[in-house]
Amino acid sequence: GAGVSQTPSNKVTEKGKYVELRCDPISGHTALYWYRQSLGQGPEFLIYFQGTGAADDSGLPNDRFFAVRPEGSVSTLKIQRTERGDSAVYLCASSPTSGNTGELFFGEGSRLTVL
Amino acid sequence: GQNIDQPTEMTATEGAIVQINCTYQTSGFNGLFWYQQHAGEAPTFLSYNVLDGLEEKGRFSSFLSRSKGYSYLLLKELQMKDSASYLCAVSSGGSYIPTFGRGTSLIVHP
Numbered sequence: 198g199a200g201v202s203q204t205p206s207n208k209v210t211e212k213g214k215y216v217e218l219r220c221d222p223i224s225g226h227t228a229l230y231w232y233r234q235s236l237g238q239g240p241e242f243l244i245y246f247q248g249t250g251a252a253d254d255s256g257l258p259n260d261r262f263f264a265v266r267p268e269g270s271v272s273t274l275k276i277q278r279t280e281r282g283d284s285a286v287y288l289c290a291s292s293p294t295s296g297n298t299g300e301l302f303f304g305e306g307s308r309l310t311v312l
Numbered sequence: 380g381q382n383i384d385q386p387t388e389m390t391a392t393e394g395a396i397v398q399i400n401c402t403y404q405t406s407g408f409n410g411l412f413w414y415q416q417h418a419g420e421a422p423t424f425l426s427y428n429v430l431d432g433l434e435e436k437g438r439f440s441s442f443l444s445r446s447k448g449y450s451y452l453l454l455k456e457l458q459m460k461d462s463a464s465y466l467c468a469v470s471s472g473g474s475y476i477p478t479f480g481r482g483t484s485l486i487v488h489p
């Protein structure tokens, strides 16, 4: 597809379970970002990849959150021992280069609900 | 850290002009973004200001004053479809990662 693709679009899980959220960026985009957005709030930065490496993971709230991008394209955000407070829309975005001075292209997001 | 402030909600009339303000405090400022986000959808890019002044793009214009830590988004000839959340985001530091404000929910009524 032409845009950023995120799966699943909706995920309902129980407290304490493990979840994986996938992001397929625009082909050729080297920079990839994960944000999460709660209702009525702006996107909150989680982690930024440049190629395969996490260039900045300062936004990850704790060690239950982890993300990988092993081949510099698809990325997976992994959340262990989910808590109700993790419920949010998880947005992925990509951009063509590092030191980006232009727009981020966002996916539709994965809505996570932890019961 | 960064502090970004914008009004929570605004209302305007179809056909009118509305100005959405954003103030910020940051170090190592690179640039300021405006994004539009309809309910349940992904944010979409509107503008990116690096230098002071006004940039016009169709019905939308964005202004930046770096010395005042201030920006606004100006929407002209409002249409019902402009009802959305407008997100101000600031890029700073070496990684250029945008930090978003909480967004301004704009309601356009007939």
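So the sequence lines, in the order shown, correspond to chains C and P.
With positions in the first sequence counted from 1, the corresponding number in the numbering used here is that position plus 197.
With positions in the second sequence counted from 1, the corresponding number in the numbering used here is that position plus 379.
C-beta atoms are modelled at their ideal positions from N, C-alpha and C, and glycine is treated no differently.
Because the structure is a prediction, the values reported are computed rather than measured.
- When secondary structure is reduced to three states using DSSP, R266 of chain C falls in the coil class, being assigned neither helix nor strand.
- Closer than 8 Å to the CB of P240 of chain C there is at least one CB belonging to chain P.
- Within a 10 Å sphere around the beta-carbon of T310 of chain C sit fewer than 16 other beta-carbons, which makes this residue exposed.
- Around the C-beta of N382 of chain P, fewer than 16 other C-beta atoms lie within 10 Å, and the residue is accordingly described as exposed.
- For a Cβ distance threshold of 7 Å, nothing in chain C lies close to P386 of chain P: the least Cβ distance comes to about 13 Å.
- Nearest neighbour of V209 of chain C by Cα position, chosen from C:T294, C:T279 and C:L288, turns out to be C:T279.
- Within the model, the alpha-carbon separation for S441 of chain P versus G213 of chain C is close to 45 Å.
- DSSP, reduced to helix, strand and coil, places D253 of chain C within a strand of the structure shown.
- Close to A285 of chain C, with beta-carbon spacing below 7 Å, lies no residue of chain P; the smallest spacing is near 14 Å.
- In this structure, T478 of chain P lies away from P386 of chain P, with their beta-carbon atoms at least 8 Å apart.
- Neighbours of Y403 of chain P across chain C, judged by C-beta separation under 9 Å, do not exist; the nearest C-beta is about 12 Å away.
- Contacts with chain P at 8 Å (Cβ-Cβ) do not include A251 of chain C.
- Considering only beta carbons, the part of the segment 444 to 473 of chain P lying closer than 7 Å to chain C consists of L466, in chain order.
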